[in-house]
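Structure first, then comments.
Residue numbers (this note's numbering), protein chains in the order written: chain C, 774 to 1251; chain X, -18 to 218.
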């Protein structure tokens, strides 16, 4: 009984002790929910999405509603954000600046900082920058011993000197050529390159900003001449021909290496015609005017071998390893997913020929006579259609259409006799526009002809003429 | 009823007894130090002076070391000594300097200094670097350690001045050809680099360097005739 009472008392004390501990644990927590205004502002803009053409001015006025009683000491910041970059656009209240961002979509963050208390107020919007140089013609022309690169956009807007504008740079001597080079599906690593006799200048194709020169692009070439630049059809390698030698650059398998310097010349006993004959996915052909034969570079290879005809022996129209003729021109025709047709203008003591290659095989061999094709034997300027089996060639002031199937040509257009044609180039993307450059002794014109379904010029005259240019030495598509 | 009270009483006592201060376990023991290597690394390496584009009189090999014990707010000394099996001569062929572990540090790169001596042109010398007791540290425990690393107390280095076939050569043989001392010496003289492993030169190097070498060899042969290696084979790229 006595023990029982002790137990009851002890349990009682323990209960009291626990309750005391609980009460001690439950102390009131003084919280202050009173709120004083911090000066919230309201940012207002006309829209939340904007489009702008690169290098044009973008104006976004901003209305800021400041709470009553605030003096309004604020700092402003406009930022353009992508997944991997941040660009500061302005520190003014309203955005009023030339947009020189690379073409793509951006998130814009507009931040207003209250300088009295450090609070930041943000507004987000979307901006799409469209390239100023999205598509058009690169026109390399020379005047007074100095080269200049003009860009004529697809909508006929003319940029007379985008290189000078972007870099405060002028070419120190005449230009030889300018190319737009892009490994398919690797737009990020595309580039434009301009060559003088002694130097190369590589530019960003979206801004024309200089991205490299000299050995940043090619390893130790000894001057520039006889230029051709193109990727293999399979996108594995890139090829650059200079003074009869071929240099190779990295391709699609190693995208981060695409802009690294090309190899030195591969070396060998040959003198290549300036044409990259990318007729096959994994074999790229070249033509050696020294030994009058085709050479081949398999994908990934860094050496040339003498080409042999493909496995299709029924197509042994000519022997690629022993052609015996001098190449005058090689122009790309139709392109499919795994092969391209190339038309090669060849010459020997008996006259001129047109030879065709598709994939690994010869597909065409025909002699071309001036009786069927006027002035063909004198022509040096050629270009081929990607739609029809047509070639265009120019002699002096005349442009001819050569129908490959019929092996005959017709005169399409004659410029005034004072106008000398200096270059012709078809717009590869559509094969519906022919660019013809002319020179009258003092100034150059750049003429664009529309091409009809028959391959002839629509309305029989240039659709557009751009003047006030120098001697146009080279044109190419971008 | 009574039984229930006993249970409550015992339960409350247990609850009160369970409430005690947690004690933090702290390291107690000697301060130790050891080399440490990655989980898949081996406890030895080889070094040759033969692949340096510019002849070196000495070079430094850094061995990773880590303490076993607490950090201290004072610098502490680490000593390394030649271990059993060392064929190189301390002071002639290599140096094992006493190094100081900075205050509040856990790891240090121990600089083992290799000296290029004539005998290395004909034989590979062995150095066994062994952790020695110092005023501050004893040799550490060995075996699996934190982060999958391994602690070891001796590390072996084979040092020579002979151009030996690098272990990576199998990977690049299709790009540069069969290994020979003559070939790699020519490559080093032309390119100015001595490590041709894919990890170092990348795809770009494997595609581009052979062209540079081929062009350089054309010039060499024009002046000197074919380049013949120590196996009697003509070097080509």
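From the three backbone atoms N, C-alpha and C, an ideal C-beta is built for every residue, glycine too. Note that the structure is predicted; figures quoted are calculated from it, not measured.
Runs of beta strand (DSSP E) with 3 or more residues, each lying fully within the stretch 1090 to 1156 of chain C, are found at 1099 to 1108, 1113 to 1121, 1124 to 1131, 1134 to 1141, listed in chain order. At least one C-beta of chain X is nearer than 8 Å to the C-beta of residue 1037(C).
Contacts with chain C at 8 Å (Cβ-Cβ) include residue -14(X). Proximity of residue 195(X) to chain C, defined by a Cβ-Cβ separation below 8 Å, is satisfied. Contact check for residue 111(X) against residue 63(X) passes: the beta carbons are separated by less than 8 Å. DSSP places residue 783(C) in the helix class (H, G or I) of the three-state scheme. Taking CB atoms only, residue 1033(C) has a neighbour in chain X less than 8 Å away. Residue contact with chain C for residue -11(X): present (Cβ-Cβ distance below 8 Å to some residue of chain C). Where residue 184(X) is concerned, the enclosing alpha helix (DSSP H) starts and stops at 179 to 205.
Against chain X, the beta carbon of residue 1075(C) has neighbours under 7 Å at 188, 191, 192, listed in chain order. Check the Cα spacing between residue 135(X) and each of -2(X), -10(X), 24(X), 11(X): the tightest is with 24(X). When C-beta distances to chain C are compared with 7 Å, the residues of the stretch 163 to 189 of chain X below that value are 184, 185, 188, 189, in chain order. Chain X has no Cβ within less than 8 Å of the Cβ of residue 1057(C). Beta-bridge analysis with DSSP links residue 992(C) to no other residue. Ranked by Cα distance from residue 950(C), the first of 1200(C), 923(C), 980(C) is 923(C). Burial state of residue 846(C) is exposed, judged by a 10 Å Cβ sphere holding fewer than 16 other Cβ atoms. Cβ-Cβ separation between residue 75(X) and residue 165(X): approximately 24 Å, too far for a contact (criterion under 8 Å). Ranking 1120(C), 1171(C), 932(C) by CA distance to the CA of residue 1190(C) puts 1171(C) first.
Interface residue (Cβ-Cβ distance to chain C less than 8 Å): residue 81(X) is not classified as such. At a cut-off of 8 Å, the C-beta of residue 969(C) has no neighbouring C-beta in chain X. Around residue 199(X), the beta-carbon contacts reaching into chain C at under 9 Å are 1040.
Residue 940(C): member of the alpha helix (DSSP H) spanning 935 to 940, first to last residue. At least one beta carbon of chain C lies nearer than 8 Å to the beta carbon of residue -7(X).
For residue 984(C), no CB of chain X lies under 8 Å from its own CB, so it is not counted at the interface with that chain. Here residue 111(X) carries a strand assignment [DSSP, helix/strand/coil]. The beta-carbon distance between residue 12(X) and residue 59(X), rounded to whole angstroms, is 11 Å. This is too long to meet the 8 Å contact definition. In terms of CA proximity to residue 1044(C), 1017(C) leads the group 1017(C), 868(C), 858(C), 996(C). Taking 7 Å as the cut-off between beta carbons, the residues of the stretch 1004 to 1033 of chain C near chain X are 1023, 1027, 1030, 1033, in sequence order.
When C-alpha distances from residue 863(C) are compared across 851(C), 871(C), 872(C), the shortest belongs to 851(C). Spanning the alpha carbons of residue 943(C) and residue 966(C) requires a straight line of approximately 14 Å. Annotation for residue 830(C): 871 place their beta carbon closer than 6 Å to its own, counting only its chain and skipping 5 residues before and after. Annotation: Cβ neighbours of residue 787(C) in chain X (cutoff 7 Å, chain order): -7. The criterion of a C-beta distance shorter than 8 Å is not satisfied by residue 827(C) and residue 1056(C). The residues 833, 834, in chain order, have a CB closer than 8 Å to that of residue 819(C) in the same chain once the five nearest residues on each side in sequence are set aside. Taking a Cβ-Cβ cut-off of 7 Å, residue 861(C) has no neighbours in chain X, whose nearest Cβ is about 34 Å from it.
Between the alpha carbons of residue 988(C) and residue 1034(C) lies a distance of about 7 Å.
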